[in-house]
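Asks: Sharing a structure here in structure tokens format.
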Amino acid sequence: MKPIALITGATSGIGLACARKFLNAGYKIIATGRNVARLNELKDEGGDDVYILIFDVRDREVAQMALKSLPENWQHIDVLINNAGLALGLDPEYKGDYNDWDTMIDTNIKGLLTITREIVPGMISRNKGHIINIGSVAGDAAYANGNVYCATKAAVKAITDGLRIDVAHTPLRVTLLKPGLVETNFSNVRFHGDDERADNVYKGITPLVGDDIADAALYAAQAPAHVQIAEMLILATHQANGSIIVRS
Ligand code: NDP
Ligand code: 8X3
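Position one of the sequence shown corresponds to residue 41 (my numbering), numbered consecutively onward.
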């Protein structure tokens, strides 16, 4: 029987790359997201090995209902990749936008918690499972104007560390991936569709791509059962941390 991986935010960037990488590695994929057209494209790519669930991770009731609606043969989730997330804005904290803050907190923290709370009990009862959370270098230390986004990713680190403690008596494994600059739709979203500003983020440096993070996720998932990859910080070669990027 093929293992099953559930990936949130599988419609773009890192989530989409994880979906494809895990499919190619022989997993069945539960791809979740809001963009129905993109989810259907993934379904076309993967056929019977892909099951799609459409929900916004911020809508707890809808997310719970969607996950409970999984057919019996899709319920044995082996790997959960909590990827759905975003940054909105890059402004001093004293000029921040309340709506942007709420969206980041509701998505990156509360959404991740909802999916975790719904999926992990099944893993505990099956005595098998792996949770891979997508954090960020932004969670290691705040960078200029990153304030609330950095805080959400610091929260993802604490939530991940906490879960690892809480399941340490079980065979479950918990991994935090902390990427640096990855060229995806991330900056277009952060700058509310200002594509020129988004492109500038990746100027003068070869950034990571979604596939680089998917490789790390698959490595962690495929490690022998006694090996728990607790955390990986994955940076572009000319990025030293959240603040230091050397451009040419
Ligand atoms: P993308 O914008 O390309 O992808 C984000 C994904 O998350 C999309 O599928 C998006 O769906 C989904 N998503 C956002 N909000 C919601 C929501 N409320 N409900 C369901 N799905 C949602 O960016 P990335 O691939 O770069 O981002 C993926 C993760 O990686 C995020 O958690 C991000 O913080 C993290 N990260 C990104 C880095 C980077 O430099 N790119 C570096 C470090 C971490 P939709 O298309 O419907 O909005
Ligand atoms: C995304 C990477 O450095 O833009 O988390 O915060 S960064």
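For every residue, glycine included, the Cβ atom is placed at its ideal position computed from N, Cα and C.
Since the model is a prediction, treat every value here as computed from it, not as a measurement.
#1: Whole angstroms is fine: what's the gap from residue 130's alpha carbon to residue 97's?
#2: For residue 268, collect the residues of the same chain with a Cβ closer than 6 Å to its Cβ; drop the 5 residues on either side in sequence, then sort them by chain order.
#3: Look at the alpha carbon of residue 74 and the alpha carbon of residue 119, and state the distance between them as a whole number of angstroms.
#4: Can residue 229 be considered in contact with the ligand NDP, in the sense that its beta carbon sits closer than 7 Å to one or more heavy atoms?
#5: Do you know how far the Cα of residue 204 is from the Cα of residue 167?
#6: Confirm, please, whether the CB-CB distance from residue 274 to residue 256 is below 8 Å.
#7: Taking the continuous beta strand (DSSP E) assigned at residue 225, which residues delimit it?
#8: Quick one: measure Cβ to Cβ for residue 32 and residue 145, integer angstroms, because I've assumed they're closer than 8 Å.
#9: State the Cα-Cα distance for the pair residue 262 and residue 215, rounded to the nearest angstrom.
#10: Alpha carbon to alpha carbon, how far is residue 81 from residue 231? Give it in angstroms, no decimals.
#11: How is residue 168 classed by DSSP in three states: helix, strand or coil?
#12: Using only CA atoms, which one of 185, 197, 173 lies nearest to residue 133?
#13: Going by DSSP, what residues sit across from residue 122 in a beta bridge?
#14: Any beta-carbon of chain C closer than 8 Å to the one on residue 242?
#15: Go ahead and pull the three-state DSSP assignment for residue 161.
#16: Buried or exposed: where does residue 87 fall if 16 or more other Cβ atoms within 10 Å of its Cβ makes it buried?
#17: Going by beta carbon distance, what residues of the same chain come within less than 8 Å of residue 54, once the five residues before and after it are set aside?
#18: Taking all protein chains shown into account, do 16 or more other C-beta atoms lie within 10 angstroms of the C-beta of residue 179, making it buried, or fewer, making it exposed?
#19: Where does the unbroken alpha helix (DSSP H) through residue 101 begin, and where does it stop?
#20: From what residue to what residue does the alpha helix (DSSP H) around residue 41 run?
#21: Secondary structure at residue 249, three-state DSSP: helix, strand or coil?
#22: DSSP state of residue 243, grouped into three classes?
#23: By the three-class DSSP mapping on this structure, what secondary structure does residue 316 have?
#24: My understanding is that residue 247 touches residue 270, with C-beta atoms under 8 Å, so please give their C-beta distance in whole angstroms.
#25: Quick one: what's got a C-beta closer than 7 Å to residue 258's C-beta in the same chain, skipping five residues either side?
#26: So, is residue 199 buried or exposed, given that buried needs 16 or more other C-beta atoms within 10 angstroms?
Replies: To lay it out plainly:
#1: Position 90 of the sequence shown holds residue 130. Position 57 of the sequence shown holds residue 97. Taking the CA atoms as reference points, residue 130 sits about 23 Å from residue 97.
#2: For the purposes of this step, residue 268 is identified with residue 228 of the sequence shown, where counting begins at 1. Correct list, in chain order: 213.
#3: Counting from one through the sequence shown, the residue named residue 74 turns up at place 34. Counting from one through the sequence shown, the residue named residue 119 turns up at place 79. Rounded to whole angstroms, residue 74 to residue 119 spans 20 Å at the Cα level.
#4: Here residue 229 refers to the residue found at position 189 when the sequence shown is read from its first residue. Yes, the Cβ of residue 229 comes within 7 Å of a heavy atom of the ligand NDP.
#5: By 1-based counting over the sequence shown, the position of residue 167 is 127. By 1-based counting over the sequence shown, the position of residue 204 is 164. The alpha-carbon separation between residue 167 and residue 204 amounts to approximately 14 Å.
#6: Looking up residue 256 in the sequence shown gives position 216. Looking up residue 274 in the sequence shown gives position 234. Judged by their CB atoms, residue 256 and residue 274 are nearer to each other than the 8 Å cut-off.
#7: Locating residue 225 in the sequence shown gives position 185, counting from the first residue. No beta strand (DSSP E) contains residue 225, which DSSP labels as neither H nor E.
#8: No answer is possible for residue 32: the residues shown for the chain start at 41 and end at 288.
#9: Reading the sequence shown from its first residue, position 222 is the one you call residue 262. Reading the sequence shown from its first residue, position 175 is the one you call residue 215. Approximately 12 Å between the Cα atoms of the pair.
#10: Position 191 of the sequence shown holds residue 231. Position 41 of the sequence shown holds residue 81. Their Cα atoms are separated by approximately 26 Å.
#11: Translated into the one-based positions of the sequence shown, residue 168 becomes position 128. Coil at residue 168, not helix or strand.
#12: Taking the first residue of the sequence shown as position 1, residue 133 is located at position 93. Per the Cα distances, 185.
#13: Position 82 of the sequence shown holds residue 122. BP columns for residue 122 point to 173.
#14: Judged by its chain identifiers, the structure shown contains no chain C, having just a single protein chain.
#15: In the sequence shown, residue 161 corresponds to position 121, counting from 1. Helix, per DSSP.
#16: Walking along the sequence shown from the start, residue 87 turns up at place 47. Residue 87 is exposed by the Cβ-count criterion.
#17: Here residue 54 corresponds to residue number 14 of the sequence shown, with the count starting at 1. Taking C-beta separations shorter than 8 Å and ignoring five residues to either side along the sequence, the partners of residue 54 in its chain run 123, 174, 219, 222, 224, 250, 253, 254, following chain order.
#18: Reading the sequence shown from its first residue, position 139 is the one you call residue 179. Sixteen is the threshold: when 16 or more other Cβ atoms of the shown chains lie within 10 Å of the Cβ of residue 179, as they do, the residue is buried.
#19: Indexing the sequence shown from 1 puts residue 101 at position 61. Under the DSSP assignment, residue 101 falls in the alpha helix (DSSP H) whose first and last residues are 100 to 108.
#20: As a first step, residue 41 must be located in the sequence shown, where it is residue number 1. Where residue 41 is concerned, there is no enclosing alpha helix (DSSP H), given that its DSSP letter is neither H nor E.
#21: Taking the sequence shown and counting its residues from 1, the one referred to as residue 249 is at position 209. In the structure shown, the three-state DSSP call for residue 249 is coil.
#22: Your numbering for residue 243 matches position 203 in the sequence shown. Residue 243: coil per DSSP, three-state reduction.
#23: The question about residue 316 has no answer, for the chain in this structure spans 41 to 288.
#24: Along the sequence shown, read from residue 1 onward, the residue named residue 247 stands at position 207. Along the sequence shown, read from residue 1 onward, the residue named residue 270 stands at position 230. Contact flag wrong, Cβ pair sits at about 25 Å.
#25: Here residue 258 is taken as the residue at index 218 of the sequence shown, counted from 1. The residues are 61, 62, 65.
#26: Within the sequence shown, numbered from 1, the residue matching residue 199 stands at position 159. Counting Cβ neighbours within 10 Å, residue 199 comes out buried, since at least 16 surround it.
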